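Q: Here it is, the structure in full.
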Amino acid sequence: MSFVMPSKYGSNFPLPKDSSVKILEVPRKIVAVVAFSGYVTDEEIERREQELRRALQNAKKFRVRDGVSVEVAQYNPPFTLPFMRRNEVSLEVESKEDLPHHKPLGIEGKTIFKSIITPYDFSYH
Numbered sequence: 023m024s025f026v027m028p029s030k031y032g033s034n035f036p037l038p039k040d041s042s043v044k045i046l047e048v049p050r051k052i053v054a055v056v057a058f059s060g061y062v063t064d065e066e067i068e069r070r071e072q073e074l075r076r077a078l079q080n081a082k083k084f085r086v087r088d089g090v091s092v093e094v095a096q097y098n099p100p101f102t103l104p105f106m107r108r109n110e111v112s113l114e115v116e117s118k119e120d121l122p123h124h125k126p127l128g129i130e131g132k133t134i135f136k137s138i139i140t141p142y143d144f145s146y147h
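End of the sequence shown sits at 147 in my numbering; the numbers just go up one at a time, nothing left out.
Below, the structure written as structure tokens:
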């Protein structure tokens, strides 16, 4: 489990009192995200990840970075009604233009990107 703190707080956020809680600086990255409501289950994560990977296969500018794992974000307290919950499944992506010997496929696919974001710099683990 991790908690993300915006970089604008720098060193001004409270330090953990428990020594098992670590503060790590996480490098910036670009991710493709699909948002959904409801409960987060293993089956739902798998379904949303596959949906996102299919959309990225047709994307002209981005592709999934090799060796990345899906990340899941849940933004609501546990007592929030399922239809009001905001969840996201994300995969780290990289620009196809930055890849050596890249030739665009010329396929204009319909994508499901909700956003491409740069996450915050600090994460509690």
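Ideal Cβ placement from N, Cα and C applies to all residues, glycine included. In this text, all values refer to a predicted model and were calculated from it rather than measured experimentally.
Relative to the alpha-carbon of P38, which residue among R87, T63, K51 and S24 has its alpha-carbon at the smallest distance?
A: For this step, residue 38 is matched to residue 16 along the sequence shown. It is S24 whose Cα lies nearest to the Cα of P38.
Q: Tell me whether M27 sits in a helix, a strand or coil according to DSSP, three-state version.
A: The residue given as residue 27 occupies position 5 in the sequence shown. Strand at M27.
Q: Which partner residues does S91 have in the DSSP bridge list?
A: Stepping through the sequence shown from its first residue, residue 91 is reached at position 69. Paired residue(s): none; S91 is not in a bridge.
Q: Is there contact between the region 39-57 and the region 107-120, where contact requires at least three CB pairs shorter than 8 Å?
A: Segments in contact, yes.
Q: Under a three-way DSSP split, which group does A57 fall into?
A: Counting from 1 along the sequence shown, the entry for residue 57 is found at position 35. Strand, per DSSP.
Q: So if DSSP puts V48 in a beta bridge, which residue, or which two residues, is it bridged to?
A: Here the question's residue 48 lines up with position 26 in the sequence shown. Answer is none; V48 lacks a bridge partner.
Q: Which term fits F84, buried or exposed, when burial requires 16 or more other beta carbons within 10 angstroms of its beta carbon?
A: Here the question's residue 84 lines up with position 62 in the sequence shown. F84 comes out buried.
Q: Suppose you measure from the CA of V86 to the CA of F35; what does that come to, to the nearest Å?
A: Working through the sequence shown from its first residue, we reach residue 86 at position 64. Working through the sequence shown from its first residue, we reach residue 35 at position 13. When rounded, the distance between both Cα atoms is 32 Å.
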